[in-house]
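Enquirer:
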Amino acid sequence: MNTGQETIVIAHADYPDNEYQFGKEVPLFNVVWARERISDSMDDIGGEISGADRFIFGHTPVKSPKTFWNQQYIDTGAVFCGNLTLMKVKGDGAA
280 MNTGQETIVI
290 AHADYPDNEY
300 QFGKEVPLFN
310 VVWARERISD
320 SMDDIGGEIS
330 GADRFIFGHT
340 PVKSPKTFWN
350 QQYIDTGAVF
360 CGNLTLMKVK
370 GDGAA
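For the sequence shown, the positions run 280 to 374 when the working numbering is used.
Next comes the structure, spelled out in structure tokens:
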């Protein structure tokens with residue numbers, strides 16, 4: 280999505296490439312299920328994904344929202360503990 284100030288990509292689990300291109304076909308399995316990028320990021324392995332300003336992912340529960348480079352992980356385990364994380368991406372007070 281383009282907020283007018285930045286381009287944000289939102290996917291369930293991951294964007295399976297190191298360069299985002301609007302309309303580019305990517306493996307759906309990775310978009311929905313991949314956990315490699317967040318696992319690597321927790322070990323300080325990885326870097327920014329080019330082509331957009333920010334990427335927001337879920338799927339892998341974390342105790343609190345995490346940011347690695349330009350990737351944010353916001354699945355705080357609502358299915359397990361009831362803690363649901365929401366993020367405002369446009370307007371006053373956007374994160």
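Cβ atoms here follow ideal geometry from the backbone N, Cα and C, with glycine treated the same way.
Since the structure is predicted, the reported quantities are computational estimates derived from the model, not experimental observations.
1. How is residue 333 classed by DSSP in three states: helix, strand or coil?
2. Can the beta-carbon of residue 344 be found closer than 8 Å to that of residue 350?
3. Tell me the rounded alpha-carbon separation between residue 283 and residue 354.
4. Note down the Cα distance separating residue 304 from residue 296, rounded to an integer number of angstroms.
5. Tell me which residues share the same chain as residue 300 and place their Cβ nearer than 8 Å to its Cβ, disregarding the 5 neighbours each side in the sequence.
Expert: According to the data block:
1. strand
2. no
3. 26 Å
4. 10 Å
5. Cβ within range, chain order: 330.
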